[in-house]
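Read the structure below first, then the notes.
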Amino acid sequence: MISIQDLHKSYVTGTNSLHVLKGLNLEIEEGEFVSIMGSSGSGKSTLLNILGVLDDYDKGNYYLSGKRIWGLNETQAAITRNAMIGFIFQSFNLISFKNAMENVALPLYYQKVSRKKRNVIAMEYLDRLGLKDWAHHLPSELSGGQKQRVAIARALISNPKIILADEPTGALDSQTSLEVMDILKEVNDQGITVIIVTHEHDIAALTRKIIRLKDGVIGEVITNGELQMYRDRVKQE
Amino acid sequence: MFDLDRWNEIWHALAKNKVRSLLTAFGVFWGIFMLIVMAGASNGLKNGIVEGVAKFATNSCFMWSQQTGEPYKGFKRGRQWNMDSDDLTYVLNNVPEVEYISPKNFGSRMNGGPNTIYGLKTGSYNVKGDYPEYIKIDPYTIVQGRWINDMDIRDKRKVCVIGEKVFEQMFEGNKNPLGEYLKISGVYYQVIGIVRPETRININGRAEESIFLPFTTMQQTYNMGNMVHFLAVTAKKGVPVSVVEEKVKNIIKLRHSIAPTDVQALNSVNIEKEFQQMNGLFIGIGILTWIVGIGTLMAGVIGVSNIMLVIVKERTKEIGVQRALGASPRTIITQIMLESVALTTVAGYTGLSLGVALLELVNQVIERQPKTGNEVFFQHPEVSISVAVTALMVLILAGLFAGSIPAKRALQIKPIEALREE
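So the protein sequences, as listed, match chains W and F. In terms of this note's numbering, the first sequence is residues 19 to 255. In terms of this note's numbering, the second sequence is residues 3 to 424.
Written out as structure tokens, the structure is:
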């Protein structure tokens, strides 16, 4: 699904150049449930942006479902994002003047799906996330957990191959965080690849694979048995 | 274009800060309002003047004698001289470009005390001697009877045509004056017609308050010999009046031993030139109107552009989200452009409508005024449909222009930067 080889990325500000990703290699198979961790400055946001086709890279290869992502113009990038990737953000980023249903329907709007049709589909997704009764409420009338569920429905509506979640629980209390993680797990059970960027160990422990970034390269990958040990360790902490 | 979500977004972007949007819109509103009102007012001025003179023959010039300005052929400077009846035939025979020639003599004046008697009534009017051709130059409506004809001239008939005011005052407006006799400066004349002027150009007093005698009658009755006071000449079609004016003047000067270089002896007015100058003035007013109007409008449009930049800045995050969700650059550009065009067009059309409404109001007020025939040099202030269409085009263009810089700015928003947590 995702294949990255020798990925380099620097940010140039004035005369300073900050080398963030230094030859990163990463393979993520279809249907995986992965979390990316790392201290601030380790390059996890940068990696997420490149994975989400929100930013380009300087050197290396990034294959998304067999297709190399390279040199896309803004329009092509927009189409790729719309078709392949569903985004979930820490601060939800719902459009304030659109109600829950319209927010969910937004990706279909950019695909030029008719208003009637996309609203019907949006209602289906809201129903799946238990928000049918809130469909006509504005984001300001929803709780944090509800907002994030709306955002998840919005990420899912275009049938993406990958869900990219940037600190999806960062603005939620621990109870709601667990609910959101349960939903993401269900999403993953349907075969969609889910990638979460987080700095919370207990959230990362709920995924099936943890990738630790360190100084722009993969520092550690924890899977299977190790993950069980990791979970136990987190619990003790 | 008629996408509900799109208009919803436009509405929210503008309604979010109503005062700001209204103030911005006011800039454009005022620009268009000023443009329309000024264009209407200059049209009103133009209509007022043009309607007053429209029927006057523009291919005409007038000349009259004055003291000579140069010594010539043994005559000293400052000599008094007059044109004479022989000049008329001579000009007609020697200047083929002349269409009509009409001499005019002036008798006793209105302000010289009562000069007209009918029964027990007296009145004072301007008395003029005219040719049949004169009403082809300065047209009069014949209210009753007829105008002076060739036989009146040939036989020096003692007849007169009176202005409408003369008729109203001398005959109290209810008697048939035709065939009646008026005693004018001591001589009786039979009334043959009543006239009303069609223009507001007056030569030696208003035509309504004038009495017109056959030119030859006047020369004889008042001992003018073959003297001609005033000469009106029109040019044939396609001939510039200035050419005719020059030729006629040269011939007359030659016949009266006046230096060809003497500019003072035979004075003249070229109506064609006056009209051209007047048109030039109107064109000038028009250009000024548009410069000031467009300038004001530009100020408004720059205001819109500024506010759009602020709106884009405020909505950075929202635009970032939209782009992350797959909105194409085109969608974003269209959105910003539409917002800008919507703001300018709505504001502009409000200004346009109110401007037109104001002009219509003024027009109604002017129309209600009783027609006194007095100088109302302001008529039908209005703007043509073409001005309105031009204004619409200008507005849409202005909106696009105002939106282009903010739209460009919106495109430069990288989703990642927009979404990065502060």
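Beta carbons are placed, not taken as given, at the ideal position from N, Cα and C, and that holds for glycine.
Asked, Found
"Please go through the segment 148 to 229 of chain F and give each complete beta strand (DSSP E) segment of 3 or more residues, from N-terminal end onward.", "161 to 165, 183 to 186, 189 to 199, 212 to 216"
"Strictly under 8 Å for the Cβ-Cβ distance: is W/Thr93 near chain F by that measure?", "yes"
"Please classify W/Leu42: does DSSP put it in a helix, a strand, or coil?", "strand"
"At a Cβ cut of 9 Å, what residues of the segment 311 to 326 of chain F count as close to chain W, listed as they run along the chain?", "Lys319, Glu320, Gly322, Val323, Gln324, Arg325, Ala326"
"What residue range does the beta strand (DSSP E) around F/Thr236 cover?", "232 to 237"
"If I follow the unbroken alpha helix (DSSP H) through F/Ala409, where does it start and stop?", "387 to 414"
"List the residues of chain F that W/Pro125 touches, going by C-beta distances under 7 Å, in chain order.", "Leu327, Gly328"
"Does the CB of W/Tyr128 have a neighbour CB from chain F at under 8 Å?", "yes"
"If you draw a straight line from the C-alpha of W/Lys130 to the C-alpha of W/Lys227, how long is it?", "37 Å"
"Taking the alpha helix (DSSP H) that F/Met65 falls in, what are its first and last residues?", "Careful: F/Met65 lies outside any alpha helix (DSSP H), inside the beta strand (DSSP E) at 62 to 67."
"In the DSSP assignment, what residue or residues form a beta bridge with W/His26?", "W/Lys40, W/Lys77"
"Could you check the C-alpha separation between F/Thr336 and F/Gln279 for me, to the nearest Å?", "49 Å"
"Evaluate F/Asp5 with the Cβ neighbour count: other Cβ atoms within 10 Å of its Cβ, from every protein chain shown; 16 or more gives buried, anything less gives exposed.", "exposed"
"Can you find at least 3 beta carbon pairs, one from the segment 161 to 169 of chain W and one from the segment 187 to 200 of chain W, that sit closer than 8 Å?", "yes"
"Strictly by DSSP, which residues pair up with W/Ile214?", "W/Ser53, W/Ala183"
"Please classify F/Asn281 as buried or exposed, where buried requires at least 16 neighbouring CB atoms within 10 angstroms.", "exposed"
"Leaving out five residues before and five after F/Arg443 in sequence, what residues of the same chain have Cβ atoms less than 8 Å from its Cβ?", "Examination of residue 443 of chain F is not possible in this model, given that chain F is present from 3 through 424 alone."
"So what does DSSP say about F/Ser270, is it helix, strand or coil?", "strand"
"Who are W/Arg230's beta bridge partners in DSSP?", "W/Met55, W/Glu238"
"Short check: CB of F/Glu99 to CB of F/Lys238, under 8 Å?", "yes"
"Please list the residues of the segment 330 to 348 of chain F that have a C-beta atom closer than 8 Å to any C-beta atom in chain W, keeping them in chain order.", "Ser330, Pro331, Arg332, Thr333"
"So, for F/Asn228: in the same chain, excluding its five sequence neighbours on each side, which residues have a beta-carbon less than 6 Å away from its beta-carbon?", "Asp86, Ser87"
"Kindly indicate if chain F contains any beta-carbon less than 8 Å away from that of W/Ile97.", "yes"
"Cα separation between F/Gly322 and F/Pro417?", "4 Å"
"Is the Cβ-Cβ distance between W/Lys4 and W/Gly234 less than 8 Å?", "Here chain W covers residues 19 to 255 and nothing more, so residue 4 of chain W does not appear."
"Under 8 Å, CB to CB, which of the residues in the segment 70 to 83 of chain W have a partner in chain F?", "Gly70, Leu72, Asp73"
"Would you mind listing the beta strand (DSSP E) stretches within the segment 99 to 129 of chain W that are 3+ residues and don't spill past its ends, in chain order?", "103 to 106"
"Would you mind telling me which residues of chain F sit closer than 9 Å to W/Arg133, beta carbon to beta carbon, in chain order?", "Asp5, Leu6, Asp7"
"For F/Glu424 and F/Val343, I'd like the C-alpha separation in whole angstroms.", "Interpretation of F/Glu424 is limited by its pLDDT of 47, a score under 50 that renders its predicted location unreliable; the figure taken from the coordinates is listed afterwards. The straight-line gap from Cα to Cα measures roughly 32 Å."
"Distance, Cα to Cα, F/Ile12 vs F/Glu341?", "5 Å"
"Going straight from the alpha carbon of F/Pro262 to that of F/Glu247, what length do you get?", "14 Å"
"Starting from W/Ile20, follow its DSSP beta bridges and name the residues at the other end.", "W/Ile46, W/Leu82"
"Return the chain-ordered list of same chain residues with a C-beta closer than 7 Å to the C-beta of F/Phe35, the five sequence neighbours on each side being excluded.", "Gly353, Leu356, Gly357"
"Using beta-carbon positions only, say whether W/Ala183 and W/Leu144 come within less than 8 Å of one another.", "no"
"So, is W/Thr33 buried or exposed, given that buried needs 16 or more other C-beta atoms within 10 angstroms?", "exposed"
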